[in-house]
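Residue numbers (our numbering): 7 to 435.
Backbone N, C-alpha and C define an ideal beta-carbon position, used for all residues, glycine too.
As the structure is a prediction and not an experimental result, all values here were calculated from the model.
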């Protein structure tokens with residue numbers, strides 16, 4: 007298989023895939039399981055009430071890993087690094103908002119924003135119940151919260167080729183509503199596409215600007231969030247041995263100085279380190295390839311506390327490439343034993359939780375030692391992850407559905423995510 011064929015396969019995993027047969031209705035099972043659960047509880051204890059969640063449990067730092075294989079979410083205690091519940095969510099996410107979510111989500115009503123179905127949805131962290139939903143006209147969506155949590159900015163790839171700004175403040179009267187939209191279909195797209203393919207979005211720490219890699223435009227666009235318009239668009243040139251750069255993912259550091267951009271260019275992909283100290287004039291400092299020790303097919307990244315270290319998920323070589331961002335060099339490769347496409351920091355930003363999709367597990371990377379410190383078994387085909395400072399209340403019915411789903415009962419009447427690579431994807435593009 008050529009590099010072009012490999013890239014196309016990873017971009018469009020559903021091409022040629024036959025539609026699944028309809029599964030069991032989740033709503034029907036949910037209503038039935040709630041009745042069964044209540045009856046069983048009443049029969050055993052004389053009461054149908056579940057025990058109340060303690061205040062200590064409610065305030066536990068928590069990691070959420072979305073299992074794309076069965077639409078469950080693994081709820082992980084970030085202190086003990088163990089799964090405490092696996093409820094069926096009825097939706098799943100490859101790239102939930104996680105850049106600032108762990109520090110913003112500290113009350114039960116605060117939302118977790120997920121890319122699901124043909125848009126994005128918000129789920130209240132305390133109940134994991136849906137509280138907002140926005141359709142974008144595309145099955146491939148990425149979103150990120152502003153540092154203050156007031157806005158969600160969404161990149162919707164083809165056919166929409168659009169950016170959306172959504173009110174993300176749960177106390178606002180317009181929570182969950184689109185407050186601005188930017189149609190980008192008049193921009194050129196490689197290969198005759200009707201737009202630049204905005205792919206991913208990341209926030210500058212000042213909260214005024216967002217960065218969008220344009221997969222089909224070979225550009226990096228800077229959005230003014232308040233005006234909601236593009237203020238700068240920087241061409242991304244290919245490496246010496248590539249024809250096109252194909253930038254597709256990006257992560258800006260909390261220091262407001264540095265950003266990582268993943269490029270899906272020929273030859274196994276590349277990683278760029280950008281200077282964003284002037285947020286409206288990003289400048290590429292370093293381009294790293296396999297010749298520099300970078301792992302194969304860099305897909306996403308996370309930047310460590312202090313913004314001195316970058317962790318790049320390189321599923322093509324089943325590892326994480328560790329980058330000294332100041333020196334612009336690869337310092338290590340952490341073997342994961344399988345392919346990981348995304349991860350998240352815990353709320354304390356001491357450990358990085360990495361979903362190893364091909365092994366149904368999460369690897370915990372200790373930032374201080376730059377090493378894999380723990381392995382946590384999770385659900386089927388884990389992909390996206392995010393975190394919060396609170397834990398959801400126990401939901402016996404959702405946990406029962408999670409068990410049924412893990413046993414192979416397909417609960418198929420809710421939306422799933424578009425995701426790249428070996429995962430359960432909802433929509434062909």
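In the three-state DSSP reduction, residue 127 falls in the strand class (E or B).
Straight-line measurement puts the Cα of residue 254 at about 27 Å from the Cα of residue 111. Closest by C-alpha distance to residue 410, out of 77, 64 and 102, is 77. Between residue 293 and residue 307 a beta carbon distance of about 14 Å is seen, past the 8 Å cut, so the two are scored as non-contacting. Around residue 238, the same chain offers 228, 286 and 287 as residues with beta carbons nearer than 7 Å, after the five sequence neighbours per side are excluded. Judged by DSSP in its simplified three-state form, residue 342 adopts coil rather than helix or strand.
Looking at the backbone, the Cα of residue 382 and that of residue 321 are separated by about 18 Å. Looking at the DSSP output, residue 94 sits in a beta bridge with 78. When 115, 200 and 73 are compared, the shortest CA-CA separation from residue 134 is found for 115. In this structure, residue 349 places its C-beta atom within 8 Å of the C-beta atom of residue 319.
Here residue 105 carries a coil assignment [DSSP, helix/strand/coil]. From the listed residues 367, 267, 291 and 122, the smallest Cα separation to residue 89 is found for 367. Collapsing the DSSP output to three states places residue 147 in a strand.
At the C-beta level, residue 213 and residue 153 come within 8 Å of one another. Its Cα nearest to that of residue 365, the residue 325 stands out among 325, 352 and 375. The Cβ-Cβ distance between residue 384 and residue 378 does not fall below 8 Å. Here DSSP, grouped into helix, strand and coil, assigns residue 185 to strand. Straight across, the Cα-Cα distance linking residue 235 with residue 185 is about 13 Å. Rounded to whole angstroms, the gap between the alpha carbons of residue 249 and residue 272 is 7 Å. When the five nearest sequence neighbours on each side are left out, the beta carbons in the same chain lying within less than 8 Å of the beta carbon of residue 211 are those of 153, 258, 259, 260, 261 and 262, in order along the chain. Short of 8 Å from the beta carbon of residue 82, and not among the five residues preceding or following it, lie these beta carbons of its own chain, in chain order: 68, 69, 70, 71, 88, 89, 90, 359, 368, 382 and 384. For residue 408, the uninterrupted alpha helix (DSSP H) run begins and ends at 402-412, by DSSP. Going by beta carbons, residue 168 and residue 162 fall inside the 8 Å limit.
For residue 379, no pairing in a beta bridge is given by DSSP.
Of the candidates 159, 225 and 336, 225 places its Cα closest to the Cα of residue 193. Residue 140 and residue 178 have their C-alpha atoms spaced approximately 16 Å apart. Take the alpha-carbon of residue 415 and the one of residue 387: they are about 16 Å apart.
Taking each of 281, 298, 297 and 299 in turn and checking the Cα distance to residue 291, the smallest one comes out for 281. Excluding sequence positions up to five before and after residue 120, its CB lies within less than 6 Å of the CB of 99, 102 and 127, all in the same chain and listed in chain order. In this structure, DSSP gives residue 253 an extended state, which the three-state scheme calls strand. Take the alpha-carbon of residue 200 and the one of residue 402: they are about 47 Å apart. Apart from the 5 residues on each side of it in sequence, residue 338 sits with its Cβ closer than 7 Å to the Cβ of 328 and 376 in its chain, given in chain order. Take the alpha-carbon of residue 361 and the one of residue 189: they are about 33 Å apart. 130 is the residue among 380, 73 and 130 whose C-alpha sits nearest the C-alpha of residue 395. With respect to the 8 Å criterion, residue 301 and residue 266 are not classified as neighbours on the basis of their beta carbons.
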